[in-house]
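Q: Next up is a structure, given as structure tokens.
Protein chains: 2
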Amino acid sequence: MAGTNRIPKPKLQAVALAENGPAVILIEPQLGENIGMVARAMLNCGLTDLRLVRPRVDWPNEKAARTSAGADLVLNQVRLFDLTEEAIADLSHVYASTARRRDMTMTVLTPAEAAREMHSLSAENTPSGSIGVIFGGEAMGLNNDDVVLADKIITTPLNPGFSSLNLSQAVLIVAYEWLMLIDKTPARELVMSETRPANKSEMAGLFEHLERELDNGGFLRVREKRPIMVRNLRIILQRADLTEQEVRTLRGVIKCLTGTFAKKVDQSAVD
Amino acid sequence: MAGTNRIPKPKLQAVALAENGPAVILIEPQLGENIGMVARAMLNCGLTDLRLVRPRVDWPNEKAARTSAGADLVLNQVRLFDLTEEAIADLSHVYASTARRRDMTMTVLTPAEAAREMHSLSAENTPSGSIGVIFGGEAMGLNNDDVVLADKIITTPLNPGFSSLNLSQAVLIVAYEWLMLIDKTPARELVMSETRPANKSEMAGLFEHLERELDNGGFLRVREKRPIMVRNLRIILQRADLTEQEVRTLRGVIKCLTGTFAKKVDQSAVD
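Sequence order for the protein chains is G and S.
Read in order, the letters of the first sequence are residues 0 to 270 in numbering that gives the first Met the number 0.
Read in order, the letters of the second sequence are residues 0 to 270 in numbering that gives the first Met the number 0.
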């Protein structure tokens, strides 16, 4: 439950991310919409190097531009190739993303493990852009000749009864796992603006204020139950991870309620 | 580099996965295509409980059916609601997925951390289907009134210069992180069919066969270089993680080449 008292500034820069990120190579993609969504997913994760081998649609493509949601940085530098071999010629390590098991003795990685390996490789002295992942077309996926061009296979573990990912979803998961290894976002953060977590003295002040008024109102009048009731109320408020501002708000609430409550109190209401 | 010698059987069952998985609640989704892709992404990850609040398209929806790629299990049990409050009424823990920072003091989780928390919650005695994640519409995302209905916020860390995910991509990442905590797929596996990793005795047989032929051919004739050349060749072959079948193939290759090579050998070729 760690928290900080400011809205974090962006910690990543797209350009810096893209420098060593993997190239994405689509073999015979069939739908402009999917190419656009691939570009969008790539840029979401800071990747920019998109290559198309024999796309089945015209290029540039209007539908791709629409579904890319403004990922021009990716679309404007797309490169087209006739052969997969040409598209990967400058790369030193290539992965094939496929859902199907092949009758080939190859190493299969999860996307998370592939991301770890790609980071290790790009942390060495390999030149920028030397890693790539190839993805097959929507209908058939990769053929075995293309798979063999890769060093290793990436397969996303999915529901085995329904394991076919949309092309852009398959790209997203690989790109997302890549980004997660760079990203430093805290897993859990109480986001506050212009305030800070209440300190223990402020919490004690709130507890004492509340308990004093509950004593006055008769809510804690049963002596043997008082300690456990006080403890339970403190636990509830403690669990709420209050900010300093919220403590002041709640003390205002108590004041308001006691002003009102005083007029209406009768014995049945405090049981 | 651990490997097993069989193609793994599916380890997950969609129905079992779905039992405790989070419900997905879309608030005012605008495009049937996206609803269908959400259904597909959910079923890819074993989730089945999809709820729509005031969808901006007719329901059932033909475009959703098409882009769902057969995720009927999800589409056929979609429930419609007028109010977000109604759509989440049966849930005990609700998360709001949003990319935008809000001026609200709420806990923000990464998708991975949210998945860990959801698993902890569903591992307790909470009834099936008691967790849900709400997602806003394509254009505007969630409004603050809907965000406040949630216990916590989920924000996917992304390229801060281009952080708006497609709706189905946002759902996929949350569902994928949920699934990854259940999944037992080895991160790295050498997949083999009808063979097994070569053992050290088979590797030694290969090394000795190769070195004997290279001695015969004169490739290792410089005495002081022989140890390092032998070591390097062994390292190359060792790194290839050979199977028993592949060792036999390579020994066949050596036999073939020595038959051929013997006819062509001259001094320049062996330097």
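We put the CB at the ideal spot given by N, CA and C, even for glycine.
List the residues of chain S whose Cβ lies closer than 8 Å to the Cβ of G:Thr194, in chain order.
A: Thr104
Q: Grab the span of the beta strand (DSSP E) containing S:Arg55 for me, first residue to last.
A: Element bounds for S:Arg55: n/a, residue is neither H nor E.
Q: Reducing DSSP to helix, strand and coil, say where G:Gly69 ends up.
A: coil
Q: In whole angstroms, give me the CA-to-CA distance for G:Ala88 and S:Thr47.
A: One C-alpha to the other measures close to 42 Å.
Q: Just checking: is the beta-carbon of S:Phe206 within a distance shorter than 9 Å of some beta-carbon in chain G?
A: no
Q: When you compare the CB of G:Thr97 with every CB in chain S, is at least one pair closer than 9 Å?
A: no
Q: Could you tell me the boundaries of the alpha helix (DSSP H) in which S:Lys199 lies?
A: Lys199 to Gly216
Q: For a contact meaning CB atoms closer than 7 Å, what does G:Val107 contact in chain S?
A: Glu188 and Val190
Q: Quick check: what's the CA-CA separation for S:Ile253 versus G:Leu148?
A: 24 Å
Q: In chain B, what lies closer than 7 Å to G:Asp182 by C-beta?
A: In summary, chain B is missing from the structure at hand, where the protein chains are G and S.
Q: According to DSSP, what are the bridge partners of S:Val107?
A: Per DSSP, G:Glu188 and S:Ile152.
Q: Quick one: using the 10 Å Cβ neighbour count with 16 as the cut-off for buried, is G:Met139 buried or exposed?
A: exposed
Q: Would a C-beta distance cut-off of 9 Å place G:Val146 and G:Thr97 closer than the cut-off?
A: Yes; because the gap between Cβ atoms is below 9 Å, this pair is in contact.
Q: Can you name the residues of chain G whose CB is closer than 8 Å to the CB of S:Ala111?
A: Chain order gives the chain G residues near S:Ala111 as Met179 and Ala186, where near means a beta carbon separation below 8 Å.
Q: Going by the CB atoms, is the gap between G:Arg65 and G:Pro28 shorter than 9 Å?
A: G:Arg65 sits away from G:Pro28, with the two beta carbons spaced by 9 Å or more.
Q: Pick out whichever of S:Ile235, S:Ala111, S:Leu249 and S:Leu157 has its Cα sitting closest to the Cα of G:Asn43.
A: S:Leu157
Q: Examine chain G for any beta-carbon lying closer than 9 Å to the beta-carbon of S:Phe161, and answer yes or no.
A: yes
Q: Would you give the residue range spanned by the beta strand (DSSP E) that G:Asn23 belongs to?
A: The sequence given here places Val at residue 23 of chain G; Asn does not occur at that position. From DSSP, the beta strand (DSSP E) with G:Val23 extends over Ala22 to Ile26.
Q: G:Ile152 and G:Ala114: beta carbons closer than 9 Å?
A: no
Q: Leaving out the 5 sequence neighbours to the left and right, which residues in its chain are closer than 6 Å to S:Ser129 when beta-carbon positions are compared?
A: Leu90 and Ser91
Q: Let me know the secondary structure DSSP gives S:Gly135 once reduced to three states.
A: DSSP places S:Gly135 in coil when its eight states are reduced to three.
Q: Pull up the distance between the alpha-carbon of S:Leu256 and that of G:Asp57, whole angstroms please.
A: When rounded, the distance between both Cα atoms is 48 Å.
Q: Please look up how many angstroms separate the CB atoms of S:Arg250 and S:His208, rounded, as I've assumed it's under 8 Å.
A: 6 Å
Q: At the 9 Å Cβ level, is S:Ser121 part of the contact set with chain G, yes or no?
A: no
Q: Go to G:Ser163, then tell me how far its beta strand (DSSP E) extends in each direction, as first and last residue.
A: That residue, G:Ser163, is in no beta strand (DSSP E); it is neither H nor E in DSSP.
Q: What does S:Tyr94 touch in chain G if you count any residue whose Cβ is under 8 Å from its own?
A: Correct list: empty, because the minimum Cβ distance to chain G is about 12 Å.
Q: If you follow the beta strand (DSSP E) that S:Val93 is part of, which residue opens it and which one closes it?
A: His92 to Ser96
Q: Helix, strand or coil for S:Thr194, going by three-state DSSP, please let me know.
A: coil
Q: How should G:Ile24 be labelled, buried or exposed, when 16 other C-beta atoms within 10 angstroms of its C-beta is the threshold for buried?
A: buried
Q: Quick one: is the Cβ of G:Arg115 within less than 8 Å of any heavy atom of the ligand GDP?
A: With respect to small molecules bound, the structure shown includes none, and the ligand GDP cannot be examined in it.
Q: At what residues does the beta strand (DSSP E) containing G:Leu79 begin and finish?
A: Arg78 to Phe80
Q: Just how far apart, CA to CA, sit S:Asp144 and G:Thr248?
A: 20 Å
Q: Kindly indicate which three-state DSSP category S:Arg50 falls into: helix, strand or coil?
A: Here S:Arg50 sits in strand by DSSP.
Q: What is the DSSP secondary structure of S:Gly35, counted as helix, strand or coil?
A: helix
Q: Between which residues of its own chain and S:Arg101 is the CB-CB distance below 8 Å, once the five residues before and five after are set aside?
A: Asn143, Val146 and Ile152
Q: Going by CA-CA distance only, name the one from G:Leu189, G:Glu243, G:Asn165 and G:Met179 that's closest to G:Asn33.
A: G:Asn165
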